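Engineer: Just passing along the structure, written as structure tokens.
Protein chains: 6
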Amino acid sequence: MKTRRQRGEEIRREVMSDPFVDRALNNSNDFDAPLQELVMETAWGTVWDRDDLPRATRSLVTIAMLAAMKCSNELKGHVRGALRNGCSVEEIRGVLLHAVPYIGAPASLEAFRSAREVIEEFEKAQQADAE
Amino acid sequence: MKTRRQRGEEIRREVMSDPFVDRALNNSNDFDAPLQELVMETAWGTVWDRDDLPRATRSLVTIAMLAAMKCSNELKGHVRGALRNGCSVEEIRGVLLHAVPYIGAPASLEAFRSAREVIEEFEKAQQADAE
Amino acid sequence: MKTRRQRGEEIRREVMSDPFVDRALNNSNDFDAPLQELVMETAWGTVWDRDDLPRATRSLVTIAMLAAMKCSNELKGHVRGALRNGCSVEEIRGVLLHAVPYIGAPASLEAFRSAREVIEEFEKAQQADAE
Amino acid sequence: MKTRRQRGEEIRREVMSDPFVDRALNNSNDFDAPLQELVMETAWGTVWDRDDLPRATRSLVTIAMLAAMKCSNELKGHVRGALRNGCSVEEIRGVLLHAVPYIGAPASLEAFRSAREVIEEFEKAQQADAE
Amino acid sequence: MKTRRQRGEEIRREVMSDPFVDRALNNSNDFDAPLQELVMETAWGTVWDRDDLPRATRSLVTIAMLAAMKCSNELKGHVRGALRNGCSVEEIRGVLLHAVPYIGAPASLEAFRSAREVIEEFEKAQQADAE
Amino acid sequence: MKTRRQRGEEIRREVMSDPFVDRALNNSNDFDAPLQELVMETAWGTVWDRDDLPRATRSLVTIAMLAAMKCSNELKGHVRGALRNGCSVEEIRGVLLHAVPYIGAPASLEAFRSAREVIEEFEKAQQADAE
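Protein chains in written order, with this note's numbering: chain A, 2 to 132; chain B, 2 to 132; chain C, 2 to 132; chain D, 2 to 132; chain E, 2 to 132; chain F, 2 to 132.
In structure tokens form, the structure reads like this:
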């Protein structure tokens, strides 16, 4: 049976992509390697492995929390993850618009700026694939 | 055609129940009546009226943001709304467990305490109906 | 010349009333007396003593920050202070309504609940005086 | 009669300047255009249109909340708006100094850094005009 | 070898006391039992089991974060834990006073109110023991 | 006897280094000089001058709060200060790992990114000295 740590890495790779996880692991050094291990085990290897919510819903819920907490960097990663988990651009936008009356306009504007960067990259990549 | 204000009250009644909205409106006085109007128009009459997300997803996303912002009072209202919008207790719990590695254990413990109160009332009411 | 500590207590008494400050000081014990001293000196004896803003504006600005930070207890104290500093109920309400699109509806609803308690006490006291 | 949306754009142009609003609208794309509409209607077209506070006070109160929420980008915009609404540099500084004991030194230092950039641009532009 | 879950419960019992953990576990129901398990495993069974900081330092650092996040309920638990981990009342007060210029006076006042309740109970219990 | 302002500058220089404080003072202009004075007096000249906690503990506690509040800029300064106050890299990492279950993974990842920059500079400088 897989350990939480192994299961965590597996799920993180499925959601965030191999290049993303490879980069996170390769960039880590003595100082922050234990953080990568802790996040892999206690975030990806626990709640993302539960079956009470579909992954696409987890992605939308994660985006909502990251917008509320104004964590732009992590938000970008999870917008990418949401697209990989099958969420449409319209759903992601729907969550960020839904946030406006709850978290306020300033936090929402910040979230939109970060999300838009990722969406634009994604749409360019799709166009390039189509050509 | 309905105004945003009218549409907002209609949706709020569907999601939060007539008794809840009646209480909010009847309890409002000169001081906070303009707040009730503003919330009805700019929260319920706008984003809740969009069709880019199903209402059950809006409920789960709202619960996630309220947990992240530690707004216990509003969280209780929206756990009730989530149950009315067809979310199961398992899905609501799934969102709050998913929040643990993102918002931290202390904020999650607070959210669970508030949500549990509403879930217990709801389950008692269901049992009473069944008898 | 007065020390910051002395000047702080003087201003705090003017803004928050003698009974309020007496209660804060009398209720303090060995554990939190140093906090009372620190707050008197580094909040009331510094920025409240500057002349770049009228006191009524300071009150409104303080209420806005406390609403944004969801500090209900302190908000109540400063709504009382605002009324003593000559702010009208309409201005206080104006600030809290202005906050809605910035800090979001949930934080604003919490702020209104706290402010309303103080406004109601204040209006009762005024009526009693008038009779 | 103007709609909230129309009134919102009008007020936003008065407070934030035509070039600022033109840029915001021209930069918006399919993804974030609905956010621009929502903000125009539910922030600028509602509370900024109320007459219970002078615009200069609204600006100061907004700056206070944005400092408390650490929204640097929006803070810069509203420091510009405050200057256009007739607030002096001394009043803006007064609000940010007043914030120190309430929101803490770290958030205040961040707010000062952002505000200073805008103030410096503004003073350069004034000098250029004077020459 | 003990699992993280087992080690977590062991450490939590050492820090928070048996009655505290028994109460937490006995009070949990179907809804929040998975939260108790998750917290035991991913908070108590991981970072509290590291040997890079003495437990007393962990307690002080935890109190500082809970004060910054305004989590009063959890703060009370960890003030109790700090006393059990050998921190003196003076050190706990030292941390909360140190917080004032960083998190601001309002959040600090809230933290002091919560901590004081626990300190008073503790000092009463000590006096009763001494008699 | 030294004033709080003088004592504050002295302590700030000991903790943050002369070049750091010189830079902060030299960079300040008419707009933000009063902030520098206020911070020197009400943060460095008060709580950092108390003897209820060793300076190394103050550093760790400060880092914990800055991570919780997501103040990256200030966090970097205080990681430098912690190293000057005699904290080891292992202790600083211990605090940031300890934060993960409390403040959540996204805020912790942000704190690690900022801290790592400072640690790397510090280790390079040490190596250069050794050569």
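Quick reminder that beta carbons are idealized off the backbone N, C-alpha and C, glycines included. In this text, all values refer to a predicted model and were calculated from it rather than measured experimentally.
1) Between the alpha carbons of P102 (chain A) and R13 (chain B), how many angstroms are there, rounded?
2) Identify each residue in the segment 40-72 of chain D for which the Cβ-Cβ distance to at least one residue of chain F is less than 8 Å, and report them in chain order.
3) Decide if S60 (chain E) is buried, meaning its Cβ has at least 16 other Cβ atoms within 10 Å, or exposed.
4) With a threshold of 9 Å between beta carbons, is P35 (chain D) in contact with chain A?
5) Would you identify the three-state DSSP class for L26 (chain D), choosing helix, strand or coil?
6) Quick one: list the residues of chain C neighbouring I104 (chain D), beta-carbon separation under 9 Å, in chain order.
7) Just to confirm my understanding: we take C88 (chain E), look at its own chain, exclude 5 residues before and 5 after, and list those with CB closer than 7 Å. What are they?
8) Which of the three DSSP states is assigned to E132 (chain A) in this structure?
9) Can you tell me which of B:E118, B:K125 and B:D130 puts its alpha carbon nearest to the alpha carbon of N28 (chain E)?
10) Measuring only the C-alpha atoms, how far is V80 (chain B) from D52 (chain A)?
11) Please report whether the beta-carbon of N27 (chain C) lies at a distance below 9 Å from any beta-carbon of chain E.
12) Would you check if the segment 18-38 of chain C and the segment 65-76 of chain E touch, i.e. whether three or more CB-CB distances between them fall below 8 Å?
13) Express the C-alpha separation of G82 (chain F) and T4 (chain B) in angstroms, rounding to a whole number.
14) Using 9 Å as the limit for Cβ to Cβ distance, is R8 (chain D) near chain G?
15) Taking the alpha-carbon positions, what's the E10 (chain E) to W45 (chain E) distance?
16) Can you list, in chain order, the residues of its chain whose CB lies under 6 Å from that of S109 (chain D), leaving out five sequence neighbours each side?
17) Rounded C-beta distance between V40 (chain D) and A106 (chain A)? I'm assuming under 8 Å.
18) Less than 9 Å separating the beta-carbons of E91 (chain D) and T47 (chain B)?
19) Please report how far the alpha carbon of Q7 (chain F) lies from the alpha carbon of L76 (chain F), in whole angstroms.
20) Would you say the beta carbon of D52 (chain A) comes nearer than 8 Å to a heavy atom of the ligand SAH?
21) How about F123 (chain A) and L97 (chain A): do their beta carbons lie closer than 9 Å?
22) What's the C-alpha gap between V22 (chain C) and K71 (chain A)?
23) In chain order, what residues of the segment 73-95 of chain F put their CB closer than 7 Å to some CB of chain D?
24) State the Cα-Cα distance for the pair D50 (chain C) and R85 (chain C), rounded to the nearest angstrom.
25) Helix, strand or coil for G95 (chain C)? Go by DSSP, reduced to three states.
26) Taking the alpha-carbon positions, what's the M2 (chain F) to M2 (chain C) distance?
27) Can you tell me the Cα-Cα spacing of A129 (chain F) and E121 (chain F), whole angstroms?
28) Take N74 (chain F) and list the residues in its own chain whose beta-carbon comes closer than 7 Å to its own, dropping the five residues that flank it on each side.
29) Rounded to the nearest angstrom, what separates R24 (chain E) and R94 (chain E) at their Cα positions?
30) I want to see whether chain D comes within less than 9 Å of F32 (chain F), judged by CB atoms only; does it?
31) Below 9 Å between beta carbons: does that hold for L54 (chain B) and Q37 (chain B)?
32) Indicate the three-state DSSP secondary structure (helix, strand or coil) for S109 (chain E) in the structure shown.
33) Does any CB atom of chain B fall closer than 9 Å to the CB of L98 (chain A)?
34) Just mark A116 (chain E) as buried or exposed, buried being the case when its beta carbon has 16 or more other beta carbons within 10 Å.
35) So, at 7 Å on beta carbons, what are the nonlocal neighbours of I104 (chain C) in its own chain, with the 5 sequence-adjacent residues on each side left out?
Structural biologist: Answer, in terms of the structure:
1) When rounded, the distance between both Cα atoms is 14 Å.
2) Within the segment 40-72 of chain D, the qualifying residues are K71.
3) Taking all protein chains in view, the Cβ of S60 (chain E) is crowded by 16 or more other Cβ atoms within 10 Å, so the residue is classified as buried.
4) Yes, its Cβ sits closer than 9 Å to a Cβ of chain A.
5) Note: L26 (chain D) maps to helix in three-state DSSP.
6) Here the neighbours are M66, A69 and M70.
7) A57, S60 and L61, listed in sequence order.
8) The answer is coil: DSSP assigns E132 (chain A) none of H, G, I, E or B.
9) It is B:E118 whose Cα lies nearest to the Cα of N28 (chain E).
10) Spanning the two alpha carbons is a distance of roughly 20 Å.
11) False, the Cβ-Cβ gap to chain E never drops below 9 Å.
12) Between the segment 65-76 of chain E and the segment 18-38 of chain C there are fewer than three inter-stretch CB-CB distances shorter than 8 Å, so the stretches are not counted as touching.
13) Cα to Cα, the separation comes out at about 58 Å.
14) Protein chains in the displayed structure are A, B, C, D, E and F, and chain G is not among them.
15) Roughly 7 Å between the two C-alpha positions.
16) Shown here for S109 (chain D): same chain residues with a beta carbon closer than 6 Å to its own, the five before and five after excluded, namely A100 and V101 in chain order.
17) In this structure V40 (chain D) touches A106 (chain A) by the C-beta definition: roughly 5 Å separates them, less than 8 Å.
18) Here E91 (chain D) is not near T47 (chain B), since their CB atoms are 9 Å or more apart.
19) As the crow flies, the alpha-carbon of Q7 (chain F) is around 24 Å from that of L76 (chain F).
20) Inclusion of the ligand SAH in the displayed structure is not the case, the ligand content being empty and no account of it being possible.
21) No; because the gap between Cβ atoms is not below 9 Å, this pair is not in contact.
22) Our two residues, V22 (chain C) and K71 (chain A), have alpha carbons roughly 37 Å apart in a direct line.
23) Within the segment 73-95 of chain F, the residues whose Cβ lies closer than 7 Å to some Cβ of chain D are N74 and E75, listed in chain order.
24) Between the alpha carbons of D50 (chain C) and R85 (chain C) lies a distance of about 16 Å.
25) Annotated three-state conformation of G95 (chain C) is helix, per DSSP.
26) The alpha-carbon atoms of M2 (chain F) and M2 (chain C) are separated by roughly 17 Å.
27) Going by the C-alpha atoms only, they are around 12 Å apart.
28) Within the same chain, no Cβ atom closer than 7 Å to the Cβ of N74 (chain F) is found once the five residues on either side in sequence are excluded.
29) Computed Cα separation, rounded: 27 Å.
30) Using a CB distance cut-off of 9 Å, F32 (chain F) counts as an interface residue toward chain D.
31) In this structure, L54 (chain B) sits away from Q37 (chain B), with a CB-CB distance that is not shorter than 9 Å.
32) DSSP places S109 (chain E) in the helix class (H, G or I) of the three-state scheme.
33) So, interface residue.
34) Buried, because 16 or more other Cβ atoms sit within 10 Å of the Cβ of A116 (chain E).
35) Cβ within range, chain order: A68 and A69.
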